[in-house]
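Visitor:
There are 2 protein chains.
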Amino acid sequence: MNLFRFILLFVFVMPAVVPAQEPSSHRFESEHGAFIADSVASGLSQPSAIEFLPDGRAFVLQRDIGEITLIDFRSGEQVNIGNMPKMLKFSDSGLHDIELHPDFAENGWIYISYSEGEEVHSTVVFDRLKIKDKAVSERERIFSADAFSENSYHYGGRIQFSGGYVYLTVGDRQHRDKVQDRSNHAGSIVRLHDDGRVPADNPFIGVEDERDQPRPELWTLGHRNPQGLFVHPETGELWENEHGPRGGDELNLIKKGANYGWPEISFGFEYDGGPIGKGIVHEEGMEQLVWVYVPSIAPSDLVIYQGEAFPAWKGSFLIGSLAFVHLNRLVLRDGAVVAEERLASGLLGRIRSIAVDADGYIYLGSDGGDIWRLRPE
Amino acid sequence: MNLFRFILLFVFVMPAVVPAQEPSSHRFESEHGAFIADSVASGLSQPSAIEFLPDGRAFVLQRDIGEITLIDFRSGEQVNIGNMPKMLKFSDSGLHDIELHPDFAENGWIYISYSEGEEVHSTVVFDRLKIKDKAVSERERIFSADAFSENSYHYGGRIQFSGGYVYLTVGDRQHRDKVQDRSNHAGSIVRLHDDGRVPADNPFIGVEDERDQPRPELWTLGHRNPQGLFVHPETGELWENEHGPRGGDELNLIKKGANYGWPEISFGFEYDGGPIGKGIVHEEGMEQLVWVYVPSIAPSDLVIYQGEAFPAWKGSFLIGSLAFVHLNRLVLRDGAVVAEERLASGLLGRIRSIAVDADGYIYLGSDGGDIWRLRPE
Chain S
1102 MNLFRFILLF VFVMPAVVPA QEPSSHRFES EHGAFIADSV ASGLSQPSAI
1152 EFLPDGRAFV LQRDIGEITL IDFRSGEQVN IGNMPKMLKF SDSGLHDIEL
1202 HPDFAENGWI YISYSEGEEV HSTVVFDRLK IKDKAVSERE RIFSADAFSE
1252 NSYHYGGRIQ FSGGYVYLTV GDRQHRDKVQ DRSNHAGSIV RLHDDGRVPA
1302 DNPFIGVEDE RDQPRPELWT LGHRNPQGLF VHPETGELWE NEHGPRGGDE
1352 LNLIKKGANY GWPEISFGFE YDGGPIGKGI VHEEGMEQLV WVYVPSIAPS
1402 DLVIYQGEAF PAWKGSFLIG SLAFVHLNRL VLRDGAVVAE ERLASGLLGR
1452 IRSIAVDADG YIYLGSDGGD IWRLRPE
Chain V
1102 MNLFRFILLF VFVMPAVVPA QEPSSHRFES EHGAFIADSV ASGLSQPSAI
1152 EFLPDGRAFV LQRDIGEITL IDFRSGEQVN IGNMPKMLKF SDSGLHDIEL
1202 HPDFAENGWI YISYSEGEEV HSTVVFDRLK IKDKAVSERE RIFSADAFSE
1252 NSYHYGGRIQ FSGGYVYLTV GDRQHRDKVQ DRSNHAGSIV RLHDDGRVPA
1302 DNPFIGVEDE RDQPRPELWT LGHRNPQGLF VHPETGELWE NEHGPRGGDE
1352 LNLIKKGANY GWPEISFGFE YDGGPIGKGI VHEEGMEQLV WVYVPSIAPS
1402 DLVIYQGEAF PAWKGSFLIG SLAFVHLNRL VLRDGAVVAE ERLASGLLGR
1452 IRSIAVDADG YIYLGSDGGD IWRLRPE
């Protein structure tokens, strides 16, 4: 063996003997003490939502392959739910969210959102379903957004229950021209009864001015791609985070009938650096954001933490970061962000989903394929 | 030469042929475009303040060696001012700030703050002086803080003029027990006429309750180590940032007679992780902070940017970070921080002072010994 071949061996062959298995735990420092992230499930594809069942198991969505996977984190058992609806699985389409009905223990209803249509003509739809013997046994359409696009981006799709209603987010589908047009659902949050009926006191019902004829389902408008939605456990307020343009990722307090300004006003810039819309951040009649990430972190899921395991984080807003691969913690007081901390940077991968179990342990779904469980050291 | 000696040569000798001179420019990305930092002065020791003169030259303080250095950034000429007052130069003591009187062009007054006393018994004092032929020609004591300590930490020492008054910050001198006691000046901001007289409408004048007899110079209390102080160019509000405990670095809007809570209330923790004071963040009669850095960045100087060179940063709060070695940019709206950006991370060193010249270029004094001038790429 000559030297050249020896070097080739070293460069190209040696790495292959390194174990393929990454360590399944990482230790991180935080302002309020160290914590450990343990991998409690792996091999998952784009886990876009984690929803705990009363028995401690959890549904995990695998977005791009369109599977609801029932996982027992104690035994490690994973079961894919059968008889799933037909959906589009392409680019950013797939399964977006899953949420149990507040009375799930009595009625068994599970709400999901997913992309429906063809690669060149799709929208986001919301169903409720029941599961029996590890398969969908019953299913009803709750809402189909009039937010069709020839591309497969910006679906939104988050689901939250509050005060007897269900709130659903719809992305702008990269059709900015449709967002301020209230005669479709692109770039909005809609409010419905749990069976899909439209509440009679929705804000745009009966509004027919020179501008357009608004859809009755609309609750707010002017959003871009809302991927986080959470009801504050103490105040009952609805909070939302959305992917803005470059430098314009927003946290918003959702108010009935409000217009969040996209694409007219934004803190962000076009990816080439130019201004967006009117290049302004404030306009009469449009709602102001509470927080904007500069630079953009690509915020995913949102949870307002109330658990016991991390007492110092009680009341904190936990937001997953796809682009900056960390768990973002915001501290709010009197409706304003007063502190931001970036937790678990780097090692856990792109954080796509967040959930908290009954003991307050935090679960993060990562594009690396793992569900990471956080516990204090 | 055998192989071993060859390797030794490579490892230990080769680096010596690398030029000792570091590059004098760095390029950084930001949300609003790339910018360049050029070293425009070097060899300075702890540059704790930069103050431009009308002719474009600047006074730079060298904290630990107690020098006022007059620098012409165009020619590079540096001149140390002679006939300086005697001061303590030890640990964190030395020269803290320099500020021109608003009518400097007419009256020639320059205000400085520095540590006075012995290593085991010192405080912070404020003088005004005139400079002639590169030496102090005249000097008057404006204020000597009753904030003596046996250690050499937490002096504060920032100076700002506003509305005909001069505002001065005094650190807590690591005597927490003195901060809520209004009969001394530790942990306070004081307000004086420009000649040192006490304004008749200062908030604690005439207040003599069961608690203590407050000093008439006090404007606010409950501060820890305020190293940033700046009058908002548009609103006239006085803003302050201070080194808190671990996880408790604060940005505050300074209001007449307010109590900022140290050490009773704080977002921070003891360095061993335990609670501070009552372990609470809110108490009746104490002012709430606007922003807290988690984790602590060790904020130094504060400037509210109004220059032309970086139009996207207009109105931003620029704060130097000693611990996290970057320039921190906060975006405020309606009195709340809505965005934070970390600029020029790492390469420029611990940022101790900030100034803006007439064209809007930003100057950063670094513990690496350089003054860095920022310009858009």
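In order, the protein sequence lines correspond to chains S and V.
My numbering puts the first residue of the first sequence at 1102, with every later residue one more than the last.
My numbering puts the first residue of the second sequence at 1102, with every later residue one more than the last.
All C-beta atoms, glycine included, are put in the ideal place defined by N, C-alpha and C.
(1) Could you tell me the distance, in whole angstroms, from the CA atom of V/Leu1431 to the CA atom of V/Trp1392?
(2) Report the option in V/Ala1135, V/His1333 and V/Pro1203 whose CA atom is closest to the CA atom of V/Ala1410.
(3) Between S/Gly1297, S/Asp1296, S/Arg1274 and S/Asp1295, which lies nearest to S/His1286 when the distance is taken from Cα to Cα?
(4) Whole angstroms is fine: what's the gap from V/Leu1269's alpha carbon to V/Ile1260's?
(5) Determine which residues share a DSSP beta bridge with V/Arg1242 and list them.
(6) Bridge partners of V/Glu1268, per DSSP?
(7) Please tell me whether V/Gln1122 has its Cβ less than 8 angstroms away from any Cβ of chain S.
(8) Which same chain residues end up closer than 7 angstroms to V/His1222 when comparing Cβ atoms and leaving out the 5 residues on each side of it in sequence?
(9) Measuring CB to CB, does S/Phe1244 end up less than 8 angstroms from S/Val1291?
(10) Please identify, using Cβ separations under 9 angstroms, the residues of the region 1390-1404 of chain S that lie next to chain V, in order along the chain.
(11) Out of V/Glu1478, V/Ser1149 and V/Met1387, which one is the CA nearest neighbour of V/Gly1258?
(12) Could you please give the first and the last residue of the uninterrupted alpha helix (DSSP H) stretch that includes V/Glu1207?
(13) Throw me the rounded Cβ distance for the V/Leu1465 and S/Val1439 pair, which I believe falls under 8 angstroms.
(14) From V/Tyr1406 to V/Leu1433, what does the alpha carbon distance come to, in whole angstroms?
(15) So which of S/Arg1277, S/His1255, S/Pro1317 and S/Arg1298 has the shortest CA-CA distance to S/Ser1284?
(16) Taking only the alpha-carbon atoms, compute the straight-line gap between V/Val1382 and S/Glu1335 and give it to the nearest angstrom.
(17) Use the C-beta contact count for V/Ala1236: other C-beta atoms within 10 angstroms, 16 or more gives buried, fewer gives exposed.
(18) Any beta carbon of chain V sitting closer than 8 angstroms to that of S/Ala1410?
(19) Tell me, please, whether the region 1407-1426 of chain V touches the region 1365-1385 of chain V by the rule of three or more beta-carbon pairs shorter than 8 angstroms.
(20) If V/Leu1403 and V/Phe1331 are in contact, beta carbons under 8 angstroms, what's the gap, nearest whole angstrom?
(21) From S/Gly1264 to S/Ile1455, what does the alpha carbon distance come to, in whole angstroms?
(22) Please report the Cβ distance between V/Gly1272 and V/Leu1354, rounded to the nearest whole angstrom; I am assuming they are in contact, meaning their Cβ atoms lie under 8 angstroms.
(23) Would you say V/Gly1144 and V/Gly1470 are within 8 angstroms of each other, going by their C-beta atoms?
(24) Per DSSP, what kind of secondary structure is S/Lys1479 in: helix, strand or coil?
(25) How far does the alpha helix (DSSP H) with V/Val1432 in it reach, from first residue to last?
(26) In terms of residue numbering, what span does the alpha helix (DSSP H) encompassing V/Asp1198 cover?
(27) Select from the region 1130-1151 of chain S all residues with a C-beta closer than 9 angstroms to any C-beta belonging to chain V, and list them in chain order.
(28) Going along chain S in order, which residues have a C-beta closer than 7 angstroms to the C-beta of V/Phe1368?
(29) For V/Arg1443 and V/Ser1131, I'd like the C-alpha separation in whole angstroms.
(30) Sorted by chain position, which residues of the same chain lie with C-beta nearer than 8 angstroms to V/Ile1366's C-beta, five sequence neighbours on each side aside?
(31) Between which residues of its own chain and S/Pro1304 is the CB-CB distance below 6 angstroms, once the five residues before and five after are set aside?
(32) Quick one: what's V/Ser1140 bridged to in DSSP?
(33) For the region 1371-1391 of chain V, enumerate the residues whose C-beta is nearer than 9 angstroms to any C-beta of chain S, in chain order.
Guide: Taking the coordinates as given:
(1) One-based indexing of the second sequence puts residue 1431 of chain V at position 330. One-based indexing of the second sequence puts residue 1392 of chain V at position 291. Whole-angstrom Cα-Cα distance: 9 angstroms.
(2) Sequence index remark: in the second sequence, residue 1410 of chain V carries index 309 (1-based). Selected option, being the one with the closest Cα: V/Ala1135.
(3) Within the first sequence, the letter at position 185 stands for residue 1286 of chain S. Ranking the options by Cα distance to S/His1286, first place goes to S/Arg1274.
(4) The residue you call residue 1269 of chain V lines up with position 168 of the second sequence. The residue you call residue 1260 of chain V lines up with position 159 of the second sequence. Distance between the alpha carbons of V/Leu1269 and V/Ile1260: 5 angstroms.
(5) Counting from 1 along the second sequence, the entry for residue 1242 of chain V is found at position 141. According to DSSP, V/Arg1242 bridges with V/Asp1228.
(6) On the second sequence, position 167 is the one that residue 1268 of chain V refers to. Reading off the sequence shown, one finds Tyr at residue 1268 of chain V, where the question assumed Glu. V/Tyr1268 is bridged to V/Gln1261 and V/Arg1292.
(7) Your numbering for residue 1122 of chain V matches position 21 in the second sequence. Note that V/Gln1122 scores 49 on pLDDT, short of 50, meaning its location in the model is unreliable; the coordinates nonetheless yield the value given after this. Output row for V/Gln1122: interface = no.
(8) Looking up residue 1222 of chain V in the second sequence gives position 121. Cβ neighbours of V/His1222 beyond the five flanking positions: Phe1249 and Glu1251.
(9) Here residue 1244 of chain S corresponds to residue number 143 of the first sequence, with the count starting at 1. Here residue 1291 of chain S corresponds to residue number 190 of the first sequence, with the count starting at 1. Contact flag set, yes.
(10) Flagged, chain order: Leu1390, Val1391, Trp1392, Val1393, Tyr1394, Val1395, Pro1396 and Ser1397.
(11) In the second sequence, the residue the question calls residue 1258 of chain V occupies position 157. Of V/Glu1478, V/Ser1149 and V/Met1387, the residue nearest in Cα terms is V/Ser1149.
(12) Here residue 1207 of chain V corresponds to residue number 106 of the second sequence, with the count starting at 1. That run of the alpha helix (DSSP H) goes Phe1205 to Asn1208.
(13) Mapped onto the second sequence, residue 1465 of chain V falls at position 364. Mapped onto the first sequence, residue 1439 of chain S falls at position 338. V/Leu1465 to S/Val1439, Cβ: 26 angstroms. No contact.
(14) One-based indexing of the second sequence puts residue 1406 of chain V at position 305. One-based indexing of the second sequence puts residue 1433 of chain V at position 332. Distance from the CA atom of V/Tyr1406 to the CA atom of V/Leu1433, rounded to whole angstroms, is 12 angstroms.
(15) Start at 1 with the first residue of the first sequence, and residue 1284 of chain S comes out as number 183. Of the candidates S/Arg1277, S/His1255, S/Pro1317 and S/Arg1298, the one whose C-alpha sits nearest the C-alpha of S/Ser1284 is S/Pro1317.
(16) Sequence index remark: in the second sequence, residue 1382 of chain V carries index 281 (1-based). Sequence index remark: in the first sequence, residue 1335 of chain S carries index 234 (1-based). Our two residues, V/Val1382 and S/Glu1335, have alpha carbons roughly 18 angstroms apart in a direct line.
(17) Against the second sequence, residue 1236 of chain V aligns to sequence position 135. Classification of V/Ala1236: exposed, given that the 10 Å Cβ count is below 16.
(18) If you number the first sequence from 1, residue 1410 of chain S lands on position 309. Chain V contact via Cβ: absent.
(19) No contact exists between the region 1407-1426 of chain V and the region 1365-1385 of chain V.
(20) Reading the second sequence from its first residue, position 302 is the one you call residue 1403 of chain V. Reading the second sequence from its first residue, position 230 is the one you call residue 1331 of chain V. Their Cβ separation, rounded to whole angstroms, is 5 angstroms, which keeps V/Leu1403 and V/Phe1331 in contact under 8 angstroms.
(21) Indexing the first sequence from 1 puts residue 1264 of chain S at position 163. Indexing the first sequence from 1 puts residue 1455 of chain S at position 354. Counting only the Cα atoms, S/Ile1455 lies some 22 angstroms from S/Gly1264.
(22) Locating residue 1272 of chain V in the second sequence gives position 171, where the first residue counts as 1. Locating residue 1354 of chain V in the second sequence gives position 253, where the first residue counts as 1. That pair is no contact at about 19 angstroms.
(23) Counting from one through the second sequence, the residue named residue 1144 of chain V turns up at place 43. Counting from one through the second sequence, the residue named residue 1470 of chain V turns up at place 369. A Cβ-Cβ contact shorter than 8 angstroms links V/Gly1144 with V/Gly1470.
(24) This structure cannot settle anything about residue 1479 of chain S, because the visible part of chain S is limited to 1102 through 1478.
(25) Within the second sequence, the letter at position 331 stands for residue 1432 of chain V. From DSSP, V/Val1432 is part of no alpha helix (DSSP H) but of the beta strand (DSSP E) over His1427 to Arg1434.
(26) Reading the second sequence from its first residue, position 97 is the one you call residue 1198 of chain V. Counting along the chain, V/Asp1198 falls outside any alpha helix (DSSP H), though it belongs to the beta strand (DSSP E) covering Leu1196 to Leu1201.
(27) Under the 9 angstroms Cβ criterion, the region 1130-1151 of chain S contributes Glu1130, Ser1131, Glu1132, His1133 and Gly1134.
(28) The count along the second sequence starts at 1 and reaches residue 1368 of chain V at position 267. Within 7 angstroms Cβ-Cβ: Ala1440.
(29) Stepping through the second sequence from its first residue, residue 1443 of chain V is reached at position 342. Stepping through the second sequence from its first residue, residue 1131 of chain V is reached at position 30. In this structure, the CA atom of V/Arg1443 is about 8 angstroms from the CA atom of V/Ser1131.
(30) Taking the second sequence and counting its residues from 1, the one referred to as residue 1366 of chain V is at position 265. Same-chain partners within the cutoff: Gly1378, Lys1379, Ile1381, Val1382, His1383, Glu1384 and Met1387.
(31) For the purposes of this step, residue 1304 of chain S is identified with residue 203 of the first sequence, where counting begins at 1. So the qualifying residues of the chain are Lys1357 and Gly1358.
(32) Translated into the one-based positions of the second sequence, residue 1140 of chain V becomes position 39. Paired residue(s): V/Trp1473.
(33) For chain S, the residues of the region 1371-1391 of chain V that bring a beta carbon within less than 9 angstroms of one of its beta carbons are Gly1374, Val1382, His1383, Gln1389, Leu1390 and Val1391, in chain order.
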